[in-house]
Each structure stands twice: as structure tokens, then as C-alpha cells.
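In the numbering used here, the protein residues as written are 20 to 296. Backbone N, C-alpha and C fix where the C-beta goes; we use that ideal spot for every residue, glycine too. Read the structure below first, then the notes.
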């Protein structure tokens, strides 16, 4: 028996907690109201695989998304091994010395986590949990403890809300490097990647897309640079002046408040239902 419902009633945090507590094996499909979708696979309550409809989902695409291989390299793999299993792609990449086994494991892990952390911001949509459905055998799986995923995801929700209040619309702001000497600031590799794409016509959203970064990542980096005084905000060249609108964060839609007793009752009922699946 499948379990389905609305994200307005049960948040991603609650769903992951339930799968974790009941030690379930199966597939959780989620869809939001903007045609985005994601699929998470679990085994004995641990996350083992994650994909979404924004990416192709094969190993080379995952490694490119998290910066392990270049666009030229992923295209070469696709041309030669399109339709092949992740294991075949992985062997080719290792034989070509483009990545190591550790790079593949870490890359798949990072890709999965990026998908799951984004799901914590979904307030509208639907979910469907199907018992005992695992990824196809051609996929590489990496087991992750859901306790750690839930803790980090919850922390990111709070931080993402603060960052979105500071930088609401990434498509309407650009960056300008200040006169402060960069040698005076300790910059990370991701900081340098962002700096290399700073241009009067590039919005922060475009910079994020060029670097395969999600909105949380780019906001965190830009906010740090602003605090360090090495960049300042400006308007992208060519962007038409528009009447300012008050920023609305993804937190704007709030789930109707429930009393603690009501929340415990709902969660208990859902746990019992999952256990009976």
C-alpha cells in the first residue's frame, strides 16, 4: 500500500523523520507546484539515492553538477557511453584518471545532499511513498544516515531564510569588486569561482548557474564576500528599471499552526500507517 499526501500537511522534515524512525525501504516521490520533482530511495531507513527532473540523472551528470568533472568531460562521456550504466561510466572515468573512486563516492553523496537540502524549502506540493522500490541496479548508491541529513537540513532552513531576506531576488542584482586587496582576505575555491564570473552584465543568478551552484550556496558565498567588503551589490547592465516589489521568501507561505498535541497525534498516526505498509 502506498502512502501519499500534501507537503502542506507533512513537511519534508517530518517525512524523513518518519522513514528514519520506521526504518523503511522504498521510494519517496515529491512534486512541487512549479513542475519540479524529486525521487528519493531509502533502504532500512537510510537514504541511498536521489534524483530530480532538472538533471539527466546519470553518474557523469552528477559529477559535473558538483564540480568533479568539466562540461567537456561530461559531454565526452555522454557521446561514448550514453545509455550505459553508472558503473560503466565510473570505470571509464577512473581508467581515464579523470576521477578517483573516492571522488565518485563523494560526488554522488554531494549531489544527493544538494537535492535533499533543497526539498526542505518546499512548502507546496505532493508526496508519494512506495514500499520496497529500490533504484535500478545500474545506479551507484551511497548510504547516508538520515539523522545527520535532517539536522543539517533544518539548520539550512533557518540560514536560508536569513540569507534570502538579505538577498531576495538574485536575478536583479550583480556584483562589483571593491578596491579592497584580495590578498588580505582568505578566499575559498568556491569564492574564486564566483569572482571569476563577476561581470557588469552577469546577475548573481547567472553566476550561480555558470558555477552549478544552488541558491543557498551562492547566497552564502555572496553574503560572506559582502561582509568581508570585497564585493558590493549593483544592478546588472541592461536590466530595465522596474518598480520595486517587496521581497517574498519561500517561507512566505506558512502551514497553519497546530498545537503540540495535534502535531504529535498527526505524526503518531502517520508512523503507525507507515509501519503497516
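Going by the beta-carbon positions, is the gap between residue 85 and residue 157 smaller than 8 Å?
-> In the chain shown, counting from the first residue as 1, residue 85 sits at position 66. In the chain shown, counting from the first residue as 1, residue 157 sits at position 138. No, the Cβ-Cβ distance between residue 85 and residue 157 is not below 8 Å.
Taking all protein chains shown into account, decide if residue 164 is buried (16 or more other Cβ within 10 angstroms of its Cβ) or exposed.
-> One-based indexing of the chain shown puts residue 164 at position 145. Residue 164 comes out exposed.
What separation, rounded to the nearest whole angstrom, lies between the Cα atoms of residue 256 and residue 152?
-> The sequence position of residue 256 within the chain shown is 237, counting from 1. The sequence position of residue 152 within the chain shown is 133, counting from 1. Taking the straight line joining both Cα atoms gives about 49 Å.
Just the Cα atoms here: how many angstroms apart are residue 63 and residue 43?
-> As a first step, residue 63 is located in the chain shown; it is residue number 44 there, counting from the start. As a first step, residue 43 is located in the chain shown; it is residue number 24 there, counting from the start. In a straight line, the C-alpha of residue 63 is about 5 Å away from that of residue 43.
Ranges of the alpha helix (DSSP H) found wholly within the region 93–158, counting only runs of at least 4 | 105–114, 120–138
Return helix, strand or coil for residue 269, following the three-state DSSP convention.
-> As a first step, residue 269 is located in the chain shown; it is residue number 250 there, counting from the start. Its pLDDT being 45, under 50, residue 269 is placed unreliably by the model, and nothing is read from it.
First and last residue of the alpha helix (DSSP H) that includes residue 81?
-> Start at 1 with the first residue of the chain shown, and residue 81 comes out as number 62. Secondary structure note for residue 81: its alpha helix (DSSP H) is the uninterrupted segment 78–84.
Is the beta carbon of residue 191 sitting closer than 8 Å to the one on residue 254?
-> Taking the chain shown and counting its residues from 1, the one referred to as residue 191 is at position 172. Taking the chain shown and counting its residues from 1, the one referred to as residue 254 is at position 235. Between residue 191 and residue 254, the gap from beta carbon to beta carbon is short of 8 Å.
For residue 147, which of 41, 45, 199, 258 has the nearest alpha-carbon?
-> On the chain shown, residue 147 is found 128 positions in, with the first residue counted as 1. Among 41, 45, 199, 258, the Cα nearest to that of residue 147 is on 45.
How many whole angstroms separate the CB atoms of residue 180 and residue 52, which I take to be in contact at a CB cut-off of 8 Å?
-> Here residue 180 refers to the residue found at position 161 when the chain shown is read from its first residue. Here residue 52 refers to the residue found at position 33 when the chain shown is read from its first residue. Actually they do not touch by this definition, with Cβ atoms about 19 Å apart.
Inside the region 224–255 only - beta strand (DSSP E) runs reaching at least 3 residues | As for any beta strand (DSSP E) of minimum length 3 sitting wholly inside the region 224–255, the runs are 250–253, ordered along the chain.
Inter-residue spacing [alpha-carbon to alpha-carbon] between residue 248 and residue 210 = Taking the first residue of the chain shown as position 1, residue 248 is located at position 229. Taking the first residue of the chain shown as position 1, residue 210 is located at position 191. If you take the alpha carbons of residue 248 and residue 210, they lie about 13 Å apart.
In angstroms, rounded to a whole number, what distance separates the CA positions of residue 39 and residue 113?
-> For the purposes of this step, residue 39 is taken as the residue at position 20 of the chain shown. For the purposes of this step, residue 113 is taken as the residue at position 94 of the chain shown. Approximately 34 Å between the Cα atoms of the pair.
Mapping DSSP to helix, strand and coil, what is residue 176?
-> On the chain shown, residue 176 is found 157 positions in, with the first residue counted as 1. Residue 176: helix per DSSP, three-state reduction.
Quick one: give me the first and last residue of the alpha helix (DSSP H) that residue 214 is part of.
-> Reading the chain shown from its first residue, position 195 is the one you call residue 214. Looking at the DSSP string, the run of the alpha helix (DSSP H) that includes residue 214 is 208–215.
Collapsed DSSP secondary structure at residue 27 in the structure displayed | Residue numbering aside, residue 27 sits at position 8 when the chain shown is read from its first letter. The answer is coil: DSSP assigns residue 27 none of H, G, I, E or B.
Alpha carbon to alpha carbon, how far is residue 37 from residue 218? Give it in angstroms, no decimals.
-> Sequence index remark: in the chain shown, residue 218 carries index 199 (1-based). Sequence index remark: in the chain shown, residue 37 carries index 18 (1-based). Taking the straight line joining both Cα atoms gives about 46 Å.
Any idea which residues DSSP pairs residue 65 with across the strands?
-> Here residue 65 refers to the residue found at position 46 when the chain shown is read from its first residue. Bridge partners of residue 65 according to DSSP: 62.
Looking at C-alpha atoms only, which residue of 205, 50, 189, 139 is the closest neighbour of residue 173?
-> The sequence position of residue 173 within the chain shown is 154, counting from 1. Out of 205, 50, 189, 139, 139 has the C-alpha closest to the C-alpha of residue 173.
Which one of 26, 49, 31, 58 has the shortest CA to CA distance from residue 154?
-> Working through the chain shown from its first residue, we reach residue 154 at position 135. Answer by Cα proximity: 58.
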